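Residue numbers (the numbering used here): 5 to 525.
In structure tokens, the structure reads:
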């Protein structure tokens, strides 16, 4: 792909918000900004006609796919959008696009995809999705279109806060785990300065929130020649989809929302819900392990959390050895195990890593952590998790030190396997000196009028976006709900026949599942 710089390995395509997405913010909704009113304001009335009139010049490109995946024919292009929609004549951003044309001769239009994060690039995700759905009616009838949201991946400007060396040294991306190495007021000031310096200025940091990205999606919809949007988003992609539905309800044709963010839950409530889900998943992993005599967490799953704490807490003072010499610290060990909780299929890898750690070796857990961060073997990081931090500064509720400290204590109480055991004295919100106030607002996507039926897909054992969030999103949008029984974050790419059939019927024929429909992974 000629414009590609790097992409994250998106395990389940969601940001690890418990550990990596703690930058928070508070807002009043901003749905009244230029080009984004609920009546579908015409571009000519808002000075946006030159953006809506674009015809992206797609050219053949080569996406990166995992070994063994079916080859796909992809095309790449760029889309120009205003950095600030209130100033459409000002600075511009460029959005990287990748399209896999429909296999059939009678395409319905484009299906725009988002893999989550926030901060994960969508270009390679579109190619991966096309490969996974190679024989699906969806790829026969739709062009699959992925985009790297503003600030992310190959789009310009690119969000960047740390060097690769700083990332290897444990650069802070969250206020958790508080109590070990907390952000100071001086560090949160420095964070803004270095993010601005490396990303193109404070005006960039002010315009990377979800409401700006939703406007970009509407420009993309028009540029692709679609009167209405067909969209499929996973994890954070469900927030993006819900916000688009709120801002442009009459422009939605179909919307699949997989692994839902709860639009009614503020930052604290959602983070505690997620911590509770992670702990439950950790305990189910421990129970599956406890059937073996050699289980490193022991044969009594009720004691597994304490066993794990005993293994990882000493890493605060003395990291475990690793073959590359970097060592495995406490935060990295917890991140590695948490990353494995995205899917039951990766539980055995985490168990093996815990067994290694018991023997003094941190290689497997460090590899799990590195895979989530997208770190290459030569130590290069994509900007995905730095973008997560910056985007969350505009999307989440911004906390005082008292509020952030209380949140950290609540998160550790809900997920004690992540608790370092040190007193949480004062946690600081990394976004406390961000150049603008947040722009999302809570709750969002409520009271929408004129919205077609949407389809929320929710997995009962999803540790990252718990099932109750999916129920809430479907109810808030007044849409359909597909409940999927299983242990995994999201289900769109699970290769499940029941899920695939239901989603294809909805997207292609606009046929929603009956109330109470369930699938099993």
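The C-beta atom is built at its ideal place from N, Cα and C for all residues, glycine as well.
Treat the numbers as computed from the prediction; the structure is a model and nothing was measured.
Label residue i either buried or exposed according to how many other C-beta atoms from any shown protein chain fall within 10 Å of its C-beta, with 16 as the threshold for buried.
{"i": "residue 321", "result": "exposed"}
{"i": "residue 220", "result": "buried"}
{"i": "residue 231", "result": "exposed"}
{"i": "residue 524", "result": "exposed"}
{"i": "residue 515", "result": "exposed"}
{"i": "residue 215", "result": "buried"}
{"i": "residue 269", "result": "buried"}
{"i": "residue 306", "result": "exposed"}
{"i": "residue 225", "result": "buried"}
{"i": "residue 106", "result": "buried"}
{"i": "residue 295", "result": "exposed"}
{"i": "residue 72", "result": "exposed"}
{"i": "residue 442", "result": "buried"}
{"i": "residue 373", "result": "buried"}
{"i": "residue 352", "result": "exposed"}
{"i": "residue 118", "result": "buried"}
{"i": "residue 518", "result": "exposed"}
{"i": "residue 91", "result": "exposed"}
{"i": "residue 254", "result": "exposed"}
Can the beta-carbon of residue i be found closer than 8 Å to that of residue j?
{"i": "residue 152", "j": "residue 159", "result": "yes"}
{"i": "residue 237", "j": "residue 469", "result": "no"}
{"i": "residue 387", "j": "residue 185", "result": "no"}
{"i": "residue 64", "j": "residue 76", "result": "no"}
{"i": "residue 142", "j": "residue 511", "result": "yes"}
{"i": "residue 539", "j": "residue 196", "result": "The shown model of the chain, from 5 to 525, leaves out residue 539, and the question about it has no answer."}
{"i": "residue 447", "j": "residue 267", "result": "yes"}
{"i": "residue 247", "j": "residue 218", "result": "yes"}
{"i": "residue 249", "j": "residue 260", "result": "no"}
{"i": "residue 289", "j": "residue 345", "result": "yes"}
{"i": "residue 484", "j": "residue 474", "result": "no"}
{"i": "residue 113", "j": "residue 146", "result": "yes"}
{"i": "residue 338", "j": "residue 316", "result": "yes"}
{"i": "residue 412", "j": "residue 182", "result": "yes"}
{"i": "residue 80", "j": "residue 115", "result": "no"}
Does the Cβ of residue i lie closer than 7 Å to at least one heavy atom of the ligand COA?
{"i": "residue 436", "result": "Absence of the ligand COA is noted for the structure shown, with no ligands found whatsoever."}
So residue i packs on residue j, CB below 8 Å; how close in whole Å?
{"i": "residue 210", "j": "residue 440", "result": "4 Å"}
{"i": "residue 155", "j": "residue 391", "result": "5 Å"}
{"i": "residue 418", "j": "residue 279", "result": "4 Å"}
{"i": "residue 367", "j": "residue 326", "result": "5 Å"}
{"i": "residue 96", "j": "residue 85", "result": "7 Å"}
{"i": "residue 471", "j": "residue 464", "result": "5 Å"}
Over the uninterrupted beta strand (DSSP E) stretch that includes residue i, give me the two end residues.
{"i": "residue 84", "result": "78–86"}
{"i": "residue 233", "result": "233–238"}
{"i": "residue 513", "result": "Here residue 513 belongs to no beta strand (DSSP E); instead the alpha helix (DSSP H) covers 501–513."}
{"i": "residue 449", "result": "First-last for residue 449: undefined, no H or E at that position."}
{"i": "residue 257", "result": "256–262"}
{"i": "residue 146", "result": "146–152"}
{"i": "residue 489", "result": "484–489"}
{"i": "residue 63", "result": "63–65"}
{"i": "residue 463", "result": "459–463"}
{"i": "residue 524", "result": "522–524"}
{"i": "residue 476", "result": "No beta strand (DSSP E) holds residue 476; the alpha helix (DSSP H) holding it covers 471–481."}
{"i": "residue 223", "result": "Premise fails: residue 223 lies in the alpha helix (DSSP H), 214–227, not in any beta strand (DSSP E)."}
{"i": "residue 117", "result": "113–118"}
Which stretch, first to last residue, makes up the alpha helix (DSSP H) that contains residue i?
{"i": "residue 344", "result": "334–344"}
{"i": "residue 358", "result": "351–362"}
{"i": "residue 416", "result": "405–418"}
{"i": "residue 292", "result": "271–293"}
{"i": "residue 396", "result": "388–399"}
{"i": "residue 99", "result": "Run containing residue 99: none in the alpha helix (DSSP H); it sits in the beta strand (DSSP E), 96–104."}
{"i": "residue 368", "result": "367–377"}
{"i": "residue 193", "result": "189–203"}
Counting pairs of Cβ atoms below 8 Å between the region 416–435 and the region 443–458, do you hit three or more?
Contact between the region 416–435 and the region 443–458 is absent, because fewer than three Cβ pairs lie under 8 Å.
Three CB pairs or more closer than 8 Å across the region 409–422 and the region 190–200:
In short, these stretches do not touch, since the Cβ pair count stays below three.
Three or more beta-carbon pairs under 8 Å between the region 391–398 and the region 132–150, yes or no?
These segments do not touch.
For the region 489–501 against the region 371–378, are there 3 or more C-beta pairs whose distance is under 8 Å?
They do not touch, by the three-pair rule.
Does the region 294–314 come close enough to the region 351–361 to have 3 or more Cβ pairs within less than 8 Å?
Output reads yes: the region 351–361 touches the region 294–314.
Determine, using beta-carbon pairs with one atom in the region 243–262 and one in the region 275–289, whether at least three such pairs fall under 8 Å.
Contact between the region 243–262 and the region 275–289 is absent, with fewer than three C-beta pairs closer than 8 Å.
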